[in-house]
Amino acid sequence: MALPLFILGCGQSSVTRSTDASAQSIEENKTDNIWPKLESEVKKDDKIEARVASLLAKMTLQQKVAQMIQPEIRDITVEDMRTYGFGSYLNGGGAFPNNNKHSTPADWISLAEKMYQASIDDSVDGSTIPTMWGTDAVHGHNNVVGATLFPHNIGLGAANNPDLIEKIAEITATEVMVTGIDWVFAPTVAVVRDDRWGRTYEGYSEDPEIVRTYSASIVKGLQGHANEDFLGNKRVISTVKHFIGDGGTQYGDDQGDNLVSEQELFTIHAQGYVGGLTAGAQSVMASFNSWNGDKVHGHKYLLTDVLKNRMGFDGFIVGDWNGHGQVKGCVNESCSQAVNAGLDVFMVPTDAWKPLYENIIAQVNKGVIAQSRIDDAVTRVLRVKVRAGLFEKPSPANRVLSGKTALIGAKAHRDVAQQAVRESLVLLKNKNHLLPLLPNQHVLVAGDAADNIGKQSGGWTITWQGTGNKNADFPGASSIYSGIEKRVNDAGGKTTLSVDGSYTQKPDVAIVVFGEEPYAEGHGDIDNLEYQRGNKKDLTLLKSLKAKGIPVVAVFISGRPMWVNAEINASDAFVAAWLPGSEGKAVADVLLTDKSAKVQHDFKGRLSFSWPKSPTQIVNRFDDVYQPLFPYGYGLTYNDDDTLVDDLSEKSDAVMNTKHDTDIFKGKAVEPWKMLLVSEQQVTEINANSKSLPGISYRTVDKLVQEDSFRLESTGNKNVGVKFISGNGFREDLSSELERNATLTFTVLRDSNIDQPVYVSMNCETIGDTQSSCQARIDIQKELASLPLGEWQDISISLHCFADKGVQLSKVAMPFELRTQGMVNLSINHIRLTASKVENTVSNCL
197 MALPLFILGC GQSSVTRSTD ASAQSIEENK TDNIWPKLES EVKKDDKIEA
247 RVASLLAKMT LQQKVAQMIQ PEIRDITVED MRTYGFGSYL NGGGAFPNNN
297 KHSTPADWIS LAEKMYQASI DDSVDGSTIP TMWGTDAVHG HNNVVGATLF
347 PHNIGLGAAN NPDLIEKIAE ITATEVMVTG IDWVFAPTVA VVRDDRWGRT
397 YEGYSEDPEI VRTYSASIVK GLQGHANEDF LGNKRVISTV KHFIGDGGTQ
447 YGDDQGDNLV SEQELFTIHA QGYVGGLTAG AQSVMASFNS WNGDKVHGHK
497 YLLTDVLKNR MGFDGFIVGD WNGHGQVKGC VNESCSQAVN AGLDVFMVPT
547 DAWKPLYENI IAQVNKGVIA QSRIDDAVTR VLRVKVRAGL FEKPSPANRV
597 LSGKTALIGA KAHRDVAQQA VRESLVLLKN KNHLLPLLPN QHVLVAGDAA
647 DNIGKQSGGW TITWQGTGNK NADFPGASSI YSGIEKRVND AGGKTTLSVD
697 GSYTQKPDVA IVVFGEEPYA EGHGDIDNLE YQRGNKKDLT LLKSLKAKGI
747 PVVAVFISGR PMWVNAEINA SDAFVAAWLP GSEGKAVADV LLTDKSAKVQ
797 HDFKGRLSFS WPKSPTQIVN RFDDVYQPLF PYGYGLTYND DDTLVDDLSE
847 KSDAVMNTKH DTDIFKGKAV EPWKMLLVSE QQVTEINANS KSLPGISYRT
897 VDKLVQEDSF RLESTGNKNV GVKFISGNGF REDLSSELER NATLTFTVLR
947 DSNIDQPVYV SMNCETIGDT QSSCQARIDI QKELASLPLG EWQDISISLH
997 CFADKGVQLS KVAMPFELRT QGMVNLSINH IRLTASKVEN TVSNCL
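If you want this note's numbering, it's the 1-based position in the sequence shown plus 196.
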């Protein structure tokens, strides 16, 4: 539908609505009829309002704009905070104090204390307004090593227990406060309508009812209850996100376009805000997505007319990671449209924060942005800070919970997480009542997720994408296997852990734990729901065990329902375990009885998402035609008879796309490849936001979305670069790419002169192999040097170049390596094999 407003171009100061009085009245009535006037449990207080007005009256324009700027800890210093007095700052996913993944709570507190003291130091900026630190604590305090990690939201939705959810939020607030942080970017209240979306697991349900109820519970758990312990010493500021429609984009594309009507936008996608804002949420995060073509970050009708004016939200709206830069006519460094639309705080990582700050000041002075709009934004920020008691509370290092490290991963907290795990499990199949298992048996535990805490925890786990983690990174946590092992051994049984399912003595039963690799936003998007498309190694494992007459229990780890008909057929029992988090041992509490064969915990979980019967089925409760494999609300208990057949259709309805790109790097190394930084003979795997070796540094940067690219800077005194190799040690057959005349193509931005050779290589050797003729390198210095500085361009090399130099495309071990001895500054975005024509093609590769 057409939006009832017109977004003006860059440099214009407001959104123009119809000047016809009757038309405007009709439009306003329409808004009133769709969007309710909400009554927040947190009421305006005259004393607070007077105090805020007094503070505002004494502030300069520079001080006010500083309250609207939220930079990231990797991009500012304590002295920057002292100079500018930013209203807030954040740590993005995978950002840590001192850039150390294993930073201790003391390290987090130390940084919080330094930033706080700098913010109230008026020696440079003249301001004593305290700053606040925001963090993505989305399933516990998930950035901190040792914290309690709860099941991701999709599992909590299956539990459907609002009281438990409030407890989880309260525990999260406690562990966050231990590290000196004030503000949490949660809850996510997306109502997911297309499970291909890579953030599906951040949603509680496809049904808005659960989302509305949960939103209120989480906000109260984080912030406390109005008129009781609201934003007290043990509470944090919450953020209901992402406003609005992120779960309903076309094709499930992250940051895509939601095309629904305004009525459906409210009925389906706004219910989490009805619950959360009524409960008193103090901040709302704007969404990356568009609504009918217009980016929400620049949408005055939605942000101001609907959210603030009609729904009555009196807190502040914070942007998402440089989301304002996606508004038409904007860049990360300048976006008056977003200010005028109603964005109050700009989340602006990278070095864009400084020009954005300067440009907002200049745009106010030029009349592009009204002073009243700045005053409104800062009033909202100050109102929340006063409500949160930030002016009265001690500094971060001296708060009630600060430094009480025994609370990080405390037993009482883990007990609640274990309850959440048990209640989230959904039993989809139980042939001949195989479950529950008696523990006094020989139990084979197989699959690569059985003893893998990182995999069972998913994305947003220590690192942004949840990758690069080992069990040692989770002190106090437990894998699924560890719980099975203890329960079986305590009953006198025997366990055998074997990832590939091999054994020396035939087991009585096999539990196979398998599923999706960790991912987060953007990187988790898929084009259909088939599990392990093109590489059915887990299905092969299940079938091999079943063929040997071993009863098979499948425990499926995933961030969404998937087409697993074949895997269900190959199993006697099938459990959807979602992403259980740090307390994997609780899975065994449900799968196995106690020593006396008594059931300790039955299955309670029920699907909060419909389960697809084909790879391309996009199915939601209340669809006009509703034919899922398992409907919303489905879930067996031990008393239920399972009538599921063993011959579910294994024929895919997905059409093979012979023209798709084969990605090597797209925001991260794409399986089966892994990414290495190289300096002479030194090699280190890249599994963090930044890495360095002598002569070269690596850091993630943004092109279109958060951290979808990387930058290489070399000093010119060593042979350095980056390469991608097979993560499993196997060679990959890429011969079909040669048959379709594909090219090795990558998107690159040059920020330096290129005065030395830069080689792109491909080979058939893995680490430890002796180099042979099955290797080729091509100098692309000429092509790189010809690119304009500071612009993203594609460079392409025909695969025939590599084949003609001796690379056997049927067994490629390293599809891409870039090396140089020169001094370069290059950013690389997307490395792929493609048949698409590219302008900058290497013409002479022999």
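Note that the Cβ used here is the ideal one computed from N, Cα and C, for glycine as well. Owing to the predicted nature of the structure, the values given are computational and were not obtained by experimental measurement.
Element boundaries [alpha helix (DSSP H), containing residue i]
i, result
"Gln1111", "Given that the chain is displayed from residue 197 to residue 1042, the structure contains no residue 1111 and the question cannot be resolved."
"Arg1015", "Premise fails: Arg1015 lies in the beta strand (DSSP E), Met1010 to Thr1016, not in any alpha helix (DSSP H)."
"Thr939", "Thr939 -> not in any alpha helix (DSSP H); beta strand (DSSP E) instead, spanning Thr939 to Arg946."
"Gln259", "Leu257 to Gln263"
"Gly468", "Gln467 to Thr474"
Residue range of the unbroken beta strand (DSSP E) whose run includes residue i
i, result
"Leu832", "Note, Leu832: premise wrong, no beta strand (DSSP E); not H, not E."
"Val786", "Looking at the DSSP string, Val786 is not in any beta strand (DSSP E); the run it does join, the alpha helix (DSSP H), is Ala782 to Leu787."
"Phe282", "That residue, Phe282, is in no beta strand (DSSP E); it is neither H nor E in DSSP."
"Lys919", "Val916 to Ser922"
"Tyr955", "Val954 to Asn959"
"Arg907", "Ser905 to Ser910"
"Asp859", "Thr858 to Lys862"
"Ser875", "Trp869 to Ser875"
"Ser767", "Looking at the DSSP string, Ser767 is not in any beta strand (DSSP E), and its letter there is neither H nor E."
Residue i versus residue j - alpha carbon distance
i, j, result
"Asp547", "Tyr830", "49 Å"
"Pro953", "Leu872", "20 Å"
"Gly964", "Thr858", "Here the model assigns Gly964 a pLDDT of 38, short of 50, so the residue's position is not dependable and the matter cannot be decided."
"Asp904", "Gln989", "15 Å"
"Lys233", "Arg506", "6 Å"
"His298", "Arg395", "26 Å"
"Gly917", "Glu876", "9 Å"
"Val944", "Pro545", "21 Å"
"Ala170", "Glu1013", "With the chain covering only 197 through 1042, there is no way to say anything about residue 170."
"Pro984", "Val541", "34 Å"
"Thr966", "Lys899", "With a pLDDT of only 39 at Thr966, under 50, the local geometry of the prediction cannot be trusted, and the value read off the model is given with reservation. When rounded, the distance between both Cα atoms is 37 Å."
"Lys260", "Arg278", "15 Å"
"Thr463", "Asp403", "10 Å"
"Phe799", "Leu621", "6 Å"
"Ile325", "Ala608", "36 Å"
"Pro703", "Thr691", "9 Å"
"Glu371", "Gly777", "16 Å"
"Val760", "Thr700", "29 Å"
"Ile680", "Tyr553", "55 Å"
Same chain, Cβ closer than 6 Å to residue i, five either side skipped, listed in chain order
i, result
"Gln263", "Gly283, Val574 and Val577"
"Ile722", "Arg392"
"Glu909", "Ser893 and Asn1021"
"Ala369", "Leu418, Arg431 and Val432"
"Ile753", "Ala645, Gln652, Gly711 and Ala773"
"Val470", "Arg408"
Three-state secondary structure assigned by DSSP to residue i
i, result
"Leu1029", "strand"
"Ile272", "coil"
"Phe998", "helix"
"Pro757", "coil"
"Lys847", "coil"
"Gly511", "coil"
"Asp898", "coil"
"Phe462", "helix"
"Ser973", "One detail in the question is off: residue 973 reads as Arg in this sequence, not Ser. Strand at Arg973."
"Lys491", "strand"
"Val380", "strand"
Proximal residues to residue i (C-beta, below 8 Å), its chain only, five neighbours per side dropped
i, result
"Glu235", "Thr474 and Gly508"
"Asp686", "Pro635 and Lys791"
Assumed close pair residue i, residue j - CB separation to whole angstroms, cut-off 8 Å
i, j, result
"Leu940", "Ile993", "5 Å"
"Leu735", "Ala762", "5 Å"
"Glu933", "Leu995", "6 Å"
"Leu623", "Leu832", "4 Å"
"Gly472", "Ser411", "4 Å"
Contacts around residue i, its chain only, beta-carbon distance under 7 Å, and the 5 residues preceding and following it disregarded
i, result
"Glu366", "Gly417"
"Trp656", "Gly289, Asp332, Val334, His335, Asn338, Gly662 and Ala716"
"Val866", "Asp859 and Ile860"
"Phe998", "Met958 and Ala972"
"Glu309", "Gly376, Ser591, Pro592 and Ala593"
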